[in-house]
Amino acid sequence: MSENKIPYKIYLGEEDIPQKWYNLRADMKNKPAPLLNPGTCQPMTAEELGAVFCDELVQQELDDTTPYIEIPKEIRDFYKMYRPSPIVRAYCLEEALGTPAKIYYKFEGNNTSGSHKLNSAIAQAYYAKKQGLKGVTTETGAGQWGTALSMACAYLGLDCKVFMVKVSYEQKPFRREVMRTYGADVTPSPSMTTEIGKKILAEHPGTTGSLGCAISEAVEVAVSNPGYRYVLGSVLNQVLLHQSVIGLEAKAALDKYNVKPDIIIGCAGGGSNLGGLIAPFMGEKLRGENDYRIIAVEPASCPSFTRGKFAYDFCDTGMICPLAKMYTLGSGFIPSANHAGGLRFHGMSSTLSQLYHDGYMEAKAVEQTDVFAAAEQFARVEGILPAPESSHAIRVAIDEALKCKETGEEKTILFGLTGTGYFDMVAYQKYNDGEMTDYIPTDEDLAKGLSSLPVVPGQD
Ligand SMILES: *Cc1c(COP(=O)(O)O)cnc(C)c1O
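The numbering of the sequence shown is this note's numbering, which starts it at -9 and goes up by one.
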């Protein structure tokens, strides 16, 4: 197919919404390490996990062998409201950069919640409903996950309790109100409504909270209220599974035009969008069928992959959740106060951590002023106002395209544009006013976080 036939936007039809999720773990020789019970340091059983998570999601979490898992019709029907999402050929950006590289992005911001998180929110809410539960609890940082979950719960008639990191609760009142509009109950975290919240507030009076803290509170409420379970918007295997719709659609759209990406780039917070985008491509790489260069992009102020340790750690500050083996900065790590670009979680998906450890992907850390510069350059030519998180991927896509300009190579770049940034205008304002600064944690800063890693027998 000749180059000039590729449209600006490649839309698939409704019938092209994947019928099945792809479980990347099935093709991994070295499986991601199991979640451990923090008390016994033994792998968590389905029964133990079932006290916290919905039953069917526990099965998905533990399933390292089934390559394809049927997407229930009810979930596919919901996906029809905003999927398939478009693949865009960034002709305008290519021209502005003067690069011979061909740049494509998969845009996940075309729904009211404004990000890819709805892909897993509807799946998790569906399984909670199917189990006959009353509701779910969760945490949210910047607010995208809480918004997505609120939408999914409203659609299915489930109660939704969200613990929102206090600093975001105060700085992002509009996010909060969107969640309440969809019927969610939103509490700033840490709060006095949970035992763990009271303890954290006693130890750190005036703290503005962290994701790890909010997770602890949400889990406590789930396990102490009959009919409730806890749901998580990233990091877990099940979330990567649900997000595989991103990669499956992207691959189908590119295959339609015989386009094979050389480089695939995604931002990495807990790893769910990246894990979903790369899934079918990484599957081919693992099976030895094709090769791709895959790059995870993270903030220099929260550098889990590039400066963290591959070790078992808690996913939450309260240290009540299972231990996950992952690249981590320590569950006590909190990015510096001036950090505005999201992707603040201290750890990383176990699946991506194992793949990174085994050399199947690379990681880059970028500074936030460079990220916002890329965001603005992109917005002005491509029209979409990107989320700061997504803009990490834009930064590295632009950098790679500029390298092609120097070398004359016509590489094909695919990146994940995970969402829109309408609720991030305080951060954009800082950047526009020239008040945004970068902070790269020192080795001492990082050593402090890593000193809280749990001691797990058999781990160094
Ligand atoms: C939550 C979020 C991310 C990061 O989460 P991952 O689990 O790493 O994908 C990236 N972009 C947007 C827009 C988000 O809302």
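Backbone N, C-alpha and C define an ideal beta-carbon position, used for all residues, glycine too.
Do Tyr429 and His329 count as a contact pair if the criterion is CB distance below 9 Å? yes
Buried or exposed (CB count within 10 angstroms, at least 16 for buried), Met(-9): Any reading at Met(-9) must be qualified, since the residue scores a pLDDT of 44, below 50, and its modelled position is unreliable; the value itself is stated next. When all chains shown are included, Met(-9) counts as exposed.
Given 8 Å as the limit, is there contact between the segment 85 to 104 and the segment 386 to 403, that is, 3 or more CB pairs closer than that? yes
When Leu231, Val176, Ser291, Val229 are compared against Glu207, the one with the closest alpha-carbon: Val176
Would you check whether ligand 1 has a heavy atom nearer than 8 Å to the C-beta of Cys257? yes
Three-state secondary structure assigned by DSSP to Lys120: helix
What did DSSP end up calling Pro454 once you bin it into helix, strand or coil? Nothing about residue 454 can be reported from this structure: the residues present for the chain run from -9 to 450 only.
Between Val78 and ligand 1, is there a pair consisting of the residue's CB and a ligand heavy atom that are separated by less than 8 Å? no
Would you call the CB atoms of Pro312 and Pro8 closer than 9 Å? no
Below 8 Å, is the gap between the Cβ of Leu139 and the nearest heavy atom of ligand 1? no
In the structure shown, what three-state DSSP assignment does Ser(-8) receive? Here Ser(-8) scores only 48 on pLDDT, less than 50, and its place in the model should not be relied on; the value that follows carries that caveat. Reduced to three states, the DSSP call for Ser(-8) is coil.
Cα-Cα, which of Lys120, Leu146, Gln121, Gln114 is closest to Trp135? Gln114
Quick one, which of Ser294, Gln49, Gly349 has its alpha-carbon nearest Ala437's? Ser294
Alpha carbon to alpha carbon, how far is Glu451 from Gly3? No answer is possible for residue 451: it lies beyond the span of the chain, which begins at -9 and ends at 450.
Alpha helix (DSSP H) segment containing Pro270, residue limits: 262 to 276
Spatial distance of Ile77 from Ser179 (CA atoms): Take the alpha-carbon of Ile77 and the one of Ser179: they are about 37 Å apart.
Would you say Val126 and Val221 are within 9 Å of each other, going by their C-beta atoms? yes
May I have the straight-line CA-CA distance separating Gln411 from Gly104, to the nearest angstrom? Correcting the residue type first, residue 411 is Gly in the shown sequence and not Gln. When rounded, the distance between both Cα atoms is 8 Å.
Assumed close pair Met309, Ser340 - CB separation to whole angstroms, cut-off 8 Å: At roughly 18 Å, the Cβ-Cβ gap does not stay under 8 Å, so Met309 and Ser340 are not in contact.
By DSSP, does Arg385 sit in helix, in strand, or in coil? Arg385 carries a helical assignment under DSSP once its states are collapsed to helix, strand and coil.
Determine the direct distance from the alpha carbon of Val168 to that of Met141, and round the result to whole angstroms. 9 Å
Under a Cβ-count criterion, where at least 16 other Cβ atoms within 10 Å of its own Cβ denotes burial, should Gly349 be classed as buried or exposed? exposed
Alpha carbon to alpha carbon, how far is Arg15 from Glu279? Give it in angstroms, no decimals. 16 Å
Ordered along the chain, which non-local residues of its own chain (more than five positions away) have a Cβ less than 7 Å from that of Asp45? Excluding residues up to 5 positions away in sequence, Gln121 lie with their Cβ nearer than 7 Å to the Cβ of Asp45 in the same chain.
Under 8 Å: does the beta carbon of Gly136 sit that close to some heavy atom of ligand 3? Ligand 3 is absent from the structure shown, which contains only ligand 1.
Where does Ile61 fall in DSSP's three states? If DSSP states are grouped into helix, strand and coil, Ile61 belongs with coil.
Any heavy atom of ligand 1 within a distance shorter than 8 Å of the CB on Gly261? Ligand 1 approaches Gly261 closely enough that one of its heavy atoms is under 8 Å from the residue's Cβ.
Asp348 (DSSP reduced to helix, strand or coil): coil
Who are the Cβ neighbours of Tyr143 in its own chain at under 6 Å, not counting the five residues just before and after it? As written in the sequence, residue 143 is Cys, which differs from the Tyr given in the question. Correct list, in chain order: Ala115, Cys150.
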